[in-house]
Amino acid sequence: MLKIELNKLNDLFAKISSSTDLILPVTVAGETNFAKYEDGAEVNLSVQTVKSAKDSFFPQAEDLMKFKTEGKKIDIIDVREKVESFVLFGVRACDYRSFEILDRVFLVDPIDTYYKAKREKGVIVTLACSRPEESCFCSAFGIDATNPLGDVTTYIADGFLYWNANTDKGNALTDAVKDLFAQADSNDEAKIDEQKKNTKEILSKLPYANVDLSGFTPDKLNELFNDAKWEELSEACLGCGSCTFVCPTCQCYDIKDFKTNDGVKRFRCWDSCMYADFTKMAHGNSRNFQLQRFRQRFMHKLVYYPSNNEGIYSCVGCGRCVKKCPISMNIAKVIKTIGGKNND
Amino acid sequence: MQEINKEYQPLIVAFCCNWCSYAGADLAGSSRLSYPANVKIIRVPCSCRVNPMFILKAFQRGADGVIMCGCHPGDCHYTTGNYYARRRMTLLFDMLDYLGIEKERTRVEWVSAAEGVKFSNVMNEFAAKICELGENKRLEDLRCKE
Amino acid sequence: MQRIENLMKAKAIELLENGTVNRVLGWTAGDFYYDNTPAIFNSKEEIEKSFVYNSFCGANLSKYLVKERKNEGKILVFLKPCDTYSFNQLVKEHRVNKDNIYIVGIECQGHLSIEAIKAKGIDGVVGLEENGEEVTVKSIYGDKTVVRGEVMLEKCLSCKSKKHVAYDELIIVNEMPEADSMKRFSKVAELEAMTADERFAFWKSELSKCIRCNACRNVCPACTCTKCVFDNPESGVDAKANADKFEEKLFHIIRSFHVTGRCTDCGECSRVCPQNIPLHLINRKYIKDINEFYGEYQAGADTESKAPLTAFTTSDIEPGSNLKEGK
Amino acid sequence: MTDFETLIPVIGVVTDIRKDTPDVKTFRVVTREGQKPFIHKPGQCAMVSIPGVGEAMFSITSSPTNKEFLEFSIKKCGCLTTWLHAMEVGQEVTVRGPYGNPFPVETEFKGKDMLFIAGGIGLAPLRSVINYIRDNRANYGKVDIVYGSRSMDDLVDFNEIKTEWMNEPDFNVHLTIDRPQPEWDGHVGFVPAFVEELGFDTNKTAVLCGPPIMIKFTLASLIKLGFDKTQVYTTLELRMKCGVGKCGRCNVGDKYVCKDGPVFRCDQLDELPNEY
Amino acid sequence: MQRIGVFVCWCGSNIAATVDVKRVAETLGQEPGVVYSADYQYMCSENGQQLIKTAIKEHGLTGIVVCSCSPRMHEATFRKTAESAGLNPYMVEIANIREQVSWIHKDIEEATVKAIILGRTAIAKLLLNTPLTAGETGVTKRALVIGGGIAGIQTALDIAEAGYEVDIVEQRPTIGGRMAQLDKTFPTLDCAACILTPKMVDCAQNEKIDILSYSEVEEVKGFVGNFTVKIRKKARYIDEKKCTGCGICMSVCPSKKGLNEFNMNLNNRPAAYIPFAQAIPNVAVIDPEQCIKLKTGKCGLCSMKCEAKAIDYTQQDSFVERNYGAIVVATGFKIADLKYFNEYGYADNKDVITSLELERLMNAAGPTKGTLLRPSDNTHPHVITFIQCVGSRDISGCGKPYCSKICCMYTAKHAMLIREKYPDTEVHVFYIDVRTPGKNYDEFYRRAVEQYDVDYIKGMVGKVYNENGKLMVQGSDLLSNEQITIASDLVVLAAAIEPEPSVRKIATLLTTSIDTNNFLTEAHAKLRPVESPTAGIFLSGMCQGPKDIPETVSQASACAAKVIGLLAKDKLKCNPCVSISDDSMCIGCGTCANVCPYGAITYVDKEFRLGGGKTEVRRVASVNEAVCQGCGACTVACPSGAIDLKGFTTKQIMAEVEAVCKR
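Heads up: the sequence lines are chains A, B, C, D and E, in that order. Numbers 51 to 394, taken from this note's numbering, label the letters of the first sequence in order. Numbers 98 to 243, taken from this note's numbering, label the letters of the second sequence in order. Numbers 6 to 332, taken from this note's numbering, label the letters of the third sequence in order. Numbers 1133 to 1408, taken from this note's numbering, label the letters of the fourth sequence in order. Numbers 242 to 904, taken from this note's numbering, label the letters of the fifth sequence in order.
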């Protein structure tokens, strides 16, 4: 394990970004989000980002291809540029788990090559949590926030950032920057362990840490689907889509065409199952009411996805939706209301 | 600097109401009063048909300046259309300015059917102003230029 | 506060039981004191169980009445002074049926913002206690005390009015502080005084945060269209997610333009923005302009007056004439 | 299939357009080189698009045994389809696919007596199966086809039905239209009632396709006749966008119509929540 | 996808000299959707139109783009062409490559590129056009003429002659207008009264004509074929039906100091009066501002003396509401205010008069009983100086920029009449130009100069001042290039004329356009001179522009012909480019109706199907297609974009913007 003083982090970032793109939490106009590191950027590793880290692999808007039309002829132009490797720094355990969840969507047959290219080229440097928020409930999904995986795992404790490579990619990155680091000793490791222990204690006491998900099993699909409580839960929902856009695992997208000045660009962009026109097609809409759309989101995360993915929930308990819902309705409340008797 | 300006041909979209300003443009034409070729006129029935979305759309698509022309207040073919248009544009232009978009890029002129000279003068003047400002960078959509 | 909540509960139960209304629109308690959710209560039991009114009931309930119009019977709604303006505006635009609504105007001492509390460096908030001007924040990392006035919602810091402009009855226990509606425009004026370049830089950094989640639009009581132009492929401006910087601006300019003269400045757009973009500054610019150019106008102050954009005078100012050269 | 480009289509040239009914046209599509754009199985779909207009899922109506081209029978109902209907021969479109699960022609259907029931444009997805069976006649038993439409004019592929299907050995075609028409001497009435009237043997495997309401009532008719839901197949072609099971639209419960469907056995549908 | 034909017009060399028309046709021929393109010398010619018709049929075109002159010129022509070839007329778009391209750009490359862009823009719009069909409305077979001067009278008589009912609304107590004030008329020198009064009598006697004198239009609703007009009948304080026009009230009225408007205020009249002897209706009126009874409650002399018991001091304004199919504006003119022309001393010298005042002074029924006496001392003037173009052709901003047209001729008339009647009188005329186009006009003028020795001085007058009882007219003679001063007894100013001021209010009521000089705008300056741009509103006489009597009468008859043409129809086609509201999007907020200038939008409750078998009743906007004029104000006001304007849809304009911005 290596270590670097926190006040030297900017040197580390400068070094990494001199050869590859570095994406990390940056504060712009008061809000922290993952963004490209540039000289003078206000890096902030102490708060949870507003949006999740999924942008790096599944951007909010992404060009798929271009078309040129002339008369009756159509030409398809592949706009995919060769993806260069990049470093995604400061990913928390919950967001890291979200990549695994997204992988099960985008990397299963047929593979989404746009996602795959970025996923392969991204070096993920995770950061262990030491100060969870009240909205966090990653532990409910079996995530250890104090010990995230990734190509490199980092810990911040006592004025130092500790660095531990886990994979070949991580080792390669480490080789490139190791001049800036010092070797950590057992004393340091003890400090980290101490911190992990404290953090775990807090985690276990968080209000939503122990929400009972046991009621959400694929075999109860229809029963859950028809639960009468969806109505009261969805009543206040504005259908705004904030939750889906800050969510690390929401992966619904739309494919749209944009007419440029000399052709058509086809791009995909995030969409939200909360939107009224999400399922609207020429011949009608299969989810006409907000109740259906609201139910879809939570059923997908808690039942449909697990049903297709060996019981893995498509929620990581990051709590972003808990914080950002304009009317304070969220997945934790849904789980508590519908999920089972242990939640009272 | 001169060189650059010669090269640079600002694109100007002019929304003209059918009854006065479009006729004014026709009069400019029949009086052979020239104005830059990059002024492109879009005919609307009345200035009140001009939706702020059209103006933003023009900027998005690469216009460097947008001008709306209508009948003089009080002379609207539909009696009151240009009064509504005037309020809408006042507020819209103010908002664009507030967001930091150069105020000189937008303009409203009242041009009657008899004001061919005014039409041509206004267009020449406006184009010159936009030339000074250079390309529209603050309201551009990079995708359109690809 | 507790006293008001009790009065509200009692009133709700009374009106339900005497048949004046068949349901109640209020707030249901959350898990952390600050996460109250708007809710419909159908019975005394439901009200007793989870009805809440505390300093985190900033949400404007009037928009829910649009949806409730479809349901049978009279509904009781609790509206804060500023919410009543939105209500009037909805009445004016025929979006709600006044006859089926029973309004109880409630006291408002200004509502609090959990974001503002967190901005003070307090995280892990799991509960609060209100004590007059002091608020004790209970956090997993220890308790802290803050002054109410410092952690209010932006819309309450610059409250436009403490007057209920529509109600059937009022529940007011304590005197409400005077509101200074002109205070709202100081930040707008500050921006106006900047150079165009500075303003552009300001908005560029603010709007670049926009994730286009549509929360601002969907929460807005003036945005009640069944199909918004931004969702309509026929409109020419439809878009999902900001695929280009232009779309951020387009969306916010058009969104605010569509509510110009209809926006009551309820402040919900700014409250719900997940990226905390000061959207109220856009809406307020229009309001300020209207006041300055066409005379004082407060949308929702009444249900009859003509909106500024559907009216005119022959001597209105000319577009752009107010703007200074090169500013 | 790992390097399969999920979202990038190929260019297709429209080489033939047939007007089947007042609002249905059949388009023949080949690659620029004149070949069939891709191999498919009966019941599968493809995404057809006009850049700048839209992209939508259509079932492939030509038989997999046809090695020369793909055909799509498309009903005019939205923006893209209106555009397609206005198209002329020689126009290029983009196609990608094939998507979805096919009918189990090589497994469950094999050796069976088949009963096809279609309403309106619902015949489109069945055409590829029916023609596949005709081309592999020996592998299947008797074939009954019940096809109904609003009017005579709305019967898709009436020509092919009359000249080819009706002449096929062991093929029984039963046509019906909703309301009487002077030129029509066949059956008049709705499909579900007609099915009951015809009273089929329950040893058949049935394939149903049409508007949701027709599927619902016809299924009831079949059950009345003694069919089991495991004997009845249908296809759901709703709200697909990406075609690859990722965009999140077309799921019914945990099943994605574009990946797990569009062909479902009716008993499988029963397990899904009622949201289709 | 449409099948579009593009037709590029050379307009002789008008377009072809600066635009490479072949290249335009070729390039546009490649555009998606375009299946045919051609160029031709004159598309609007018979052969050109034939070319279009043939192409439409042979190539099965679904729409055409004509790249030619302004749509204001020939859009209607090409729409008819298309229609005759079986195409919907609204599937035609015009790219204006003459007025907007060839006439203003010199560089061929630049012009050609612009022409192509404008062509593409028209194609982009056309791709989104849909065939539009006009609705139909009935026609009320009755016309309203606003103004009872010679123009209104002639129009009304002609319409009535064709068998339709017509009402004349006249704001003064009598019809007759300005012409009734004139003495003789040029170039034949007939007496104005002799030729006008028979027509006035005809009006009164024609049973198809109803004269509403002393009345004003108060409110106009509706649209072509179906106007509803509210007319205010001002209180006369005299029962029109009872009054016999005997004039006793006039003679007994003690309040005699009213200014006689008919005599240009040159003398006085009583509070109860009949404007002039031949007034139609020959009914008295009481001036409420002047009547002692009405002001103080004391007096009542006229009432006591009136044998017909027609006096009614309690009379109030009353209103009538009538339906009309067409409305004619014939509001006429007045003499412009001379307040900006102090140099001529009009305000300070009684003997500086306007020509209309001179008319009254020379008129046998005028204040001087036809003897020319100057106002100051009622003596016969021996030196009379006329000053032309007072306030006309003035670009300083004080006067009118236009030529008042009639002054040259009437001055010649006046000079001639004076010289004829008073040969001892010296007559000088200061003029800038003498304009005498018209049949026998120049001959008339020459007679004045040659036969009557009128002294025409080409030059401007700088100043008129009073010196020892003489009016010194100081001016320059441009021909001899010297300053001259003429000591005159009477100075006559050929003051500019301007539209009757009430026309502005009427134009607003009728929603018709008006130019900067307050003249009503015609639908087309050359080709539709008697129609206003607002359907069903027609223009007769001076309200449209300066003209003399023969011209006014011709225009009045032309106008009548147009009105008759309209009234003869049983059904009218409406403008199909009207607003339409999409019920599925409309939220019934009421914003659109608030901005509609025509009141074309109302709201209805409709039932709609929701998904899942549910229904809801919603309030939605409904546009009256016959009332909507297609301005589009509602489309922008509507926040949801539910309301759109056919022919100028949001999508179409957006497509145009996109096309125009492509470089």
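All C-beta atoms, glycine included, are put in the ideal place defined by N, C-alpha and C.
At the C-beta level, residue 444/E and residue 397/E come within 9 Å of one another. Here residue 304/C is near residue 90/C, since their CB atoms are less than 9 Å apart. For residue 263/A, no pairing in a beta bridge is given by DSSP.
Taking a Cβ-Cβ threshold of 8 Å, the residues of chain C close to residue 291/A are 218, 219, 220 and 223, in chain order. Closest in C-alpha terms to residue 155/A, from the list 1393/D, 1374/D and 1219/D, comes 1374/D.
Residues of chain A with a Cβ closer than 8 Å to the Cβ of residue 158/B are, in chain order, 311. DSSP lists 84/C and 175/C as the bridge partner or partners of residue 110/C. The beta carbon of residue 1346/D lies closer than 6 Å to those of 1251 and 1323 in the same chain, with the five residues before and after it left out. A distance of 9 Å or more separates the beta carbons of residue 222/C and residue 205/C. Distances from the CA of residue 685/E to each of 651/E, 375/E, 764/E and 510/E were compared; the closest alpha carbon is that of 651/E.
In the three-state scheme derived from DSSP, where H, G and I count as helix and E and B as strand, residue 178/B is classed as helix. Between residue 361/E and residue 287/E, the C-beta spacing is not below 9 Å. Secondary structure remark: continuous alpha helix (DSSP H) runs of at least 4 residues inside the segment 255 to 311 of chain A, in chain order: 271 to 275, 279 to 284 and 292 to 296. In this structure, residue 283/A sits near residue 387/A, with a CB-CB distance shorter than 9 Å.
Put simply, the CB of residue 341/A is far from chain D, with every gap to its CB atoms at 9 Å or more. Neighbours of residue 226/C in chain A, taken as residues at a C-beta separation under 8 Å, are lacking, since the least C-beta distance is about 11 Å. For residue 114/B, the enclosing beta strand (DSSP E) stretches over residues 109 to 114. If you draw a straight line from the Cα of residue 1162/D to the Cα of residue 1290/D, it comes to about 24 Å. Judged by DSSP secondary structure, residue 1252/D falls outside any alpha helix (DSSP H); it is assigned neither H nor E. Distance from residue 597/E to residue 613/E at the Cβ level is roughly 15 Å; contact not present, criterion being Cβ atoms closer than 8 Å. At least one CB of chain A lies nearer than 9 Å to the CB of residue 241/B. Between residue 381/A and residue 339/A, the gap from beta carbon to beta carbon reaches 9 Å or more.
Taking a cut-off of 8 Å for Cβ pairs, the segment 219 to 229 of chain A and the segment 59 to 68 of chain A touch, as three or more such pairs fall below it. Cβ-Cβ distances below 7 Å link residue 209/A to 55 and 56 in the same chain, with the five nearest sequence neighbours on each side left out; the list follows chain order. Around the C-beta of residue 194/C, fewer than 16 other C-beta atoms lie within 10 Å, and the residue is accordingly described as exposed. Taking each of 901/E, 745/E, 599/E and 884/E in turn and checking the Cα distance to residue 506/E, the smallest one comes out for 599/E.
Residue 157/C is bridged by DSSP to 117/C.
Taken through DSSP and simplified to helix, strand or coil, residue 740/E comes out as strand.
Interface with chain C (9 Å Cβ-Cβ cutoff): residue 110/A is included. In this structure, residue 271/C sits near residue 160/C, with a CB-CB distance shorter than 9 Å. Around the beta carbon of residue 228/B, a 10 Å sphere encloses 16 or more other beta carbons of the protein chains shown; the residue is thus reported as buried.
Under the Cβ distance rule, residue 892/E counts among the residues neighbouring chain C, one pair being separated by less than 9 Å. With respect to chain E, the C-beta atom of residue 122/A has a partner C-beta closer than 9 Å. Here residue 325/E is exposed, its C-beta having fewer than 16 other C-beta atoms within 10 Å. Counting only residues of its own chain and dropping the five nearest sequence neighbours on each side, residue 626/E has a CB closer than 6 Å to the CB of 669, 714, 727, 729 and 732. Each residue's CA atom was taken as its position, placing residue 891/E and residue 240/C some 7 Å apart.
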